[in-house]
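Colleague: Every number in this note's numbering is 119 more than the matching position in the sequence shown, counting from 1.
We put the beta carbon where it would ideally sit given N, CA and C, even for glycine.
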Amino acid sequence: MGSSGVITISALTPEFGGETRTARMLALIWPRSGTNTRNIMARKKRGMGEKDLDQLLTHYRGERRRLTFQLELARTAIRDLKKQRAALPKAAPKPVTVLPDGTVKRGPGRPRKGEEVIRPKRKPGRPAKRKRSPRALNNWDNAVINAIKNTARLLPKEDIMKHAKMWAATNEPALTAPEIEVFVTRALQKLSGQKKLLGTHHTGMRRGNHYGLIDWFFKSSGKLRKPHFDKLVIDLDSPEI
Numbered sequence: 120m121g122s123s124g125v126i127t128i129s130a131l132t133p134e135f136g137g138e139t140r141t142a143r144m145l146a147l148i149w150p151r152s153g154t155n156t157r158n159i160m161a162r163k164k165r166g167m168g169e170k171d172l173d174q175l176l177t178h179y180r181g182e183r184r185r186l187t188f189q190l191e192l193a194r195t196a197i198r199d200l201k202k203q204r205a206a207l208p209k210a211a212p213k214p215v216t217v218l219p220d221g222t223v224k225r226g227p228g229r230p231r232k233g234e235e236v237i238r239p240k241r242k243p244g245r246p247a248k249r250k251r252s253p254r255a256l257n258n259w260d261n262a263v264i265n266a267i268k269n270t271a272r273l274l275p276k277e278d279i280m281k282h283a284k285m286w287a288a289t290n291e292p293a294l295t296a297p298e299i300e301v302f303v304t305r306a307l308q309k310l311s312g313q314k315k316l317l318g319t320h321h322t323g324m325r326r327g328n329h330y331g332l333i334d335w336f337f338k339s340s341g342k343l344r345k346p347h348f349d350k351l352v353i354d355l356d357s358p359e360i
């Protein structure tokens, strides 16, 4: 077969591949003709005549016309598709994020060839944790602290509850006793834990702790200072003993 795709006469000789291969090639050349393969083989042995060459020329000229027609159809389809694509509405541009240093933030994926990526500089190590500004004490926190300050005593929770109920009768009259206890419990946990405004002392003579101002306790050990032991009053008639 030559470079132009046309089967040469030398390819139809017995030396090229034998009679079987030649018959297959001739069947491809005349796919829709009713030519008898044996007759073609007999004529091949005698040499291809003018009629055979004319048949080959007619076949390939027909193939050329068919391919030219298909090429025109493809070109027409491409032109129509381009027109339809151009008529489509323009897509909205993607939003661009500008970083504080003035660089444009890239989207996900690898950068394109030739695209220079400027990475923002950052300090080595983990970023510092964001510190929350301290929140002010709420009304229940202040009510608990004021109960201890006004009595100048270490108070157990049951005594703090008595002061809280008196305060709630004026400021939160709609609350029930269980609801008041919930607010007092939260205030004691917060003030003696996160806020570190109250200290706790466990006498061992009753259940629970006594609560006092943080200044009455050692900062290192959290134990009650000796000068403030007189602020510790234990009610022997309490049901908690």
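In whole angstroms, give me the CA-to-CA distance for Val125 and Leu207.
Modeller: The sequence position of residue 125 within the sequence shown is 6, counting from 1. The sequence position of residue 207 within the sequence shown is 88, counting from 1. Any reading at Val125 must be qualified, since the residue scores a pLDDT of 41, below 50, and its modelled position is unreliable; the value itself is stated next. Rounded to whole angstroms, Val125 to Leu207 spans 45 Å at the Cα level.
Colleague: Here's the rule I'm using: 16 or more other beta-carbon atoms within 10 Å means buried, otherwise exposed. How should His321 be labelled?
Modeller: Here residue 321 is taken as the residue at index 202 of the sequence shown, counted from 1. Exposed: under 16 other Cβ atoms inside 10 Å.
Colleague: In this structure, does DSSP put Pro275 in helix, strand or coil?
Modeller: Within the sequence shown, the letter at position 156 stands for residue 275. Here Pro275 sits in strand by DSSP.
Colleague: Spell out the partners DSSP gives Thr319 in its beta bridges.
Modeller: Walking along the sequence shown from the start, residue 319 turns up at place 200. DSSP lists Tyr330 as partners of Thr319.
Colleague: Using a 10 Å radius around the Cβ and a threshold of 16 neighbouring Cβ atoms, would you call Ala255 buried or exposed?
Modeller: The sequence position of residue 255 within the sequence shown is 136, counting from 1. Looking at its Cβ environment, which holds fewer than 16 other Cβ atoms inside 10 Å, Ala255 is exposed.
Colleague: For the alpha helix (DSSP H) that Lys362 lies in, which residues bound it at each end?
Modeller: Residue 362 is absent from the structure shown; the chain starts at 120 and stops at 360.
Colleague: Rounded to whole angstroms, what's the CA-CA distance from Ala288 to Pro275? Just pull it up for me.
Modeller: Locating residue 288 in the sequence shown gives position 169, where the first residue counts as 1. Locating residue 275 in the sequence shown gives position 156, where the first residue counts as 1. Approximately 20 Å between the Cα atoms of the pair.
Colleague: Measure the alpha-carbon distance for Ala205 versus Ile197 and round it to whole angstroms.
Modeller: What you label residue 205 is simply residue 86 of the sequence shown in a count that begins at 1. What you label residue 197 is simply residue 78 of the sequence shown in a count that begins at 1. If I take the Cα positions, the gap works out to 12 Å.
Colleague: Suppose the cutoff is 7 Å on Cβ atoms and the five residues either side in sequence are ignored; what does the same chain contact list for Arg272 look like?
Modeller: Taking the sequence shown and counting its residues from 1, the one referred to as residue 272 is at position 153. Within the same chain, Arg272 has close Cβ partners Lys350 and Val352.
Colleague: Quick one: what's got a C-beta closer than 6 Å to Lys268's C-beta in the same chain, skipping five residues either side?
Modeller: Here the question's residue 268 lines up with position 149 in the sequence shown. Taken in chain order, the list of residues that qualify is empty.
Colleague: Taking its Cβ as the centre, do 16 or more other Cβ atoms sit within 10 Å of Ser311, making it buried, or is it exposed?
Modeller: Counting from one through the sequence shown, the residue named residue 311 turns up at place 192. Looking at its Cβ environment, which holds 16 or more other Cβ atoms inside 10 Å, Ser311 is buried.
Colleague: For the putative contact between Val263 and Ala283, defined by C-beta atoms under 8 Å, what is the C-beta separation to the nearest angstrom?
Modeller: The count along the sequence shown starts at 1 and reaches residue 263 at position 144. The count along the sequence shown starts at 1 and reaches residue 283 at position 164. That belief holds up - the Cβ atoms of Val263 and Ala283 are roughly 7 Å apart, short of 8 Å.
Colleague: Is the separation between the beta-carbon of Gly327 and that of Gly318 shorter than 8 Å?
Modeller: By 1-based counting over the sequence shown, the position of residue 327 is 208. By 1-based counting over the sequence shown, the position of residue 318 is 199. No, these two residues do not count as a Cβ contact at 8 Å.
Colleague: Go to Ala196, then tell me how far its alpha helix (DSSP H) extends in each direction, as first and last residue.
Modeller: Along the sequence shown, read from residue 1 onward, the residue named residue 196 stands at position 77. Glu169 to Ala206 is the extent of the alpha helix (DSSP H) around Ala196.
Colleague: Report, in whole angstroms, the separation of the C-beta atoms of Lys342 and Phe348, which I expect to be a contact under 8 Å.
Modeller: The residue given as residue 342 occupies position 223 in the sequence shown. The residue given as residue 348 occupies position 229 in the sequence shown. At roughly 11 Å, the Cβ-Cβ gap does not stay under 8 Å, so Lys342 and Phe348 are not in contact.
Colleague: With distances taken from CA atoms, which of Pro292, Leu294, Met280 and Trp286 is nearest Leu307?
Modeller: Your numbering for residue 307 matches position 188 in the sequence shown. Closest by alpha carbon: Met280.
Colleague: Cβ of Lys315 within 8 Å of Cβ of Asp260?
Modeller: On the sequence shown, residue 315 is found 196 positions in, with the first residue counted as 1. On the sequence shown, residue 260 is found 141 positions in, with the first residue counted as 1. No; because the gap between Cβ atoms is not below 8 Å, this pair is not in contact.
Colleague: Does DSSP put Phe348 in a helix, in a strand, or in coil?
Modeller: What you label residue 348 is simply residue 229 of the sequence shown in a count that begins at 1. Correct three-state label for Phe348: helix.
Colleague: Can you tell me whether Asp199 is buried or exposed? The criterion is at least 16 other CB atoms within 10 Å of its CB, across all chains shown.
Modeller: Your numbering for residue 199 matches position 80 in the sequence shown. Under this definition Asp199 is an exposed residue.
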